[in-house]
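Below is one structure, written out as structure tokens; the observations come after it.
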Amino acid sequence: MQIDELTAYLSSYLDVGAFHDASLNGLQIEGFKNCTKIATAVTASLEAIDAAIEEGADTLLVHHGLLWKGQMSPICGTLKERYSAILESNINLLAYHLPLDANMEVGNNSYLCHLLDLKNIDYVSPGDPSSIAMKGSFSKKQSISEIASLLADSLQTSVSVLGHCDRDTLISDVTVCSGSGSFLIDSNYVPGFQALITGDVNEQTYHMSKETGTPVFVLGHDASEQGGIKLLGDHIARRFDIEHIHLHFNVENEVSIYDYSDK
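Residues in the sequence shown are numbered from 11 upward in steps of one, following our numbering.
What follows is the structure in structure tokens.
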């Protein structure tokens, strides 16, 4: 299909115009006019760009693109390498940030909610997709350890839980916000939710989690946002009968921590 047709479809499907976003959502770099094979990845890293090229994709579809509104920076260093790789290979770069987080069918938050088999799923501001985060309840209360184990096994990542709560504490409902979703508790002295699931956290998150007694499940930013972009790629492949490959690099699990205490 034509890349402009795909871009128009995604703009409508993800309701791009409904979101105030720092990302320039949509076609960020134009390449081949005809789209026959897409690669998806969380971030338009050099690793993802090179892998998409090696796989023979003509389009790279990501959650975190290269163009952000208000961003002015020299095209040098690794940013130059990313642009050069895309332009020299002539592949398209498509990016969708908040519209993908919030989509109720293929979005990152929806994916995590369904992974946990939550019921009564809605946005944190009921009926308002622009509130991005979602909430839902368990049909049967789950313990902190059960929730953490399910997330770790399903996402193939390590899961940390903030807050001084017993591992057997039962949870009936959770709020889900992939990526950097800790803002929901960082300045919230009276959280209106029982637990929070997110990607990464700030220093303040630890204190607020502990002081309010609200467990915060930390999945890792990359791990929390693998689901949506893959689902979107699968959706496009089914609808338009084009090839799709998802690129997953296990970012969090490749981070090494070295102990220099005895050196």
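Cβ atoms here follow ideal geometry from the backbone N, Cα and C, with glycine treated the same way. A quick note: this is a predicted structure, and the numbers were derived from the prediction, not measured.
query = Relative to the C-alpha of residue 53, which residue among 236, 67 and 90 is closest?
reply = Of the candidates 236, 67 and 90, the one whose C-alpha sits nearest the C-alpha of residue 53 is 236.
ask   = How far does the beta strand (DSSP E) with residue 259 in it reach, from first residue to last?
value = The continuous stretches of beta strand (DSSP E) do not include residue 259, and DSSP gives it neither H nor E.
Cβ contact check for the region 24 to 32 and the region 134 to 146: 3 or more pairs under 8 Å = Flag = yes, the region 24 to 32 and the region 134 to 146 touch.
message = With a threshold of 8 Å on Cβ separation, who are the neighbours of residue 95 within its own chain once the five nearest residues in sequence on each side are excluded?
response = Around residue 95: 56, 59, 60 and 63.
request  = Would you list, in sequence order, the uninterrupted alpha helix (DSSP H) runs of no fewer than 4 residues that lie entirely inside the region 162 to 221?
outcome  = Listed in chain order, they are 193 to 196.
key: Residue of 167, 204, 185 and 200 minimising C-alpha distance to residue 175   = The option with the nearest alpha carbon to residue 175 is 204.
inquiry  = Among the candidates 23, 189, 131 and 244, whose CA atom is the shortest distance from the CA of residue 212?
reply    = Considering only alpha carbons, the answer is 189.
inquiry  = Assess contact between the region 188 to 202 and the region 210 to 224, defined as three or more Cβ pairs (one per stretch) separated by less than 8 Å. Is contact present?
reply    = By the Cβ rule, the region 188 to 202 counts as touching the region 210 to 224, because three or more pairs are nearer than 8 Å.
task = Below 7 Å CB to CB, which residues in the same chain sit around residue 215 once its five sequence neighbours on both sides are set aside?
result = Its chain contains 172, 192, 195, 196 and 226 as the residues whose beta carbon lies nearer than 7 Å to that of residue 215, once the 5 sequence neighbours on both sides are disregarded; these appear in chain order.
task = Determine which residues share a DSSP beta bridge with residue 53 and list them.
result = DSSP output for residue 53 lists 74 as bridge partner(s).
query = CB residue 87 to CB residue 238, shorter than 9 Å?
reply = No, they are not a contact pair.
query = In chain order, what residues of the same chain have a beta carbon less than 7 Å from the beta carbon of residue 244, not counting five sequence neighbours either side?
reply = When the five nearest sequence neighbours on each side are left out, the beta carbons in the same chain lying within less than 7 Å of the beta carbon of residue 244 are those of 254, in order along the chain.
query = Exposed or buried, residue 218, counting other C-beta atoms within 10 Å across all chains shown (16 or more means buried)?
reply = By the 10 Å Cβ count, residue 218 comes out buried.
message = Just to confirm before moving on: does the CB-CB distance between residue 181 and residue 153 stay below 9 Å?
response = Contact flag set, yes.
query = Where in the region 226 to 258 do unbroken runs of the alpha helix (DSSP H), each at least 4 residues long, occur, reported from the N-terminal end onward?
reply = Within the region 226 to 258, the runs of alpha helix (DSSP H) at least 4 residues long that lie entirely inside it are, in chain order, 231 to 234 and 236 to 250.
query = When we look at the beta-carbon of residue 38 and count the other beta-carbons within 10 Å, is it buried (16 or more) or exposed?
reply = With 16 or more other Cβ atoms inside 10 Å of its own Cβ, residue 38 counts as buried.
query = Is the CB-CB distance between residue 252 and residue 123 below 9 Å?
reply = Between residue 252 and residue 123, the C-beta gap is not smaller than 9 Å, which leaves the two residues out of contact.
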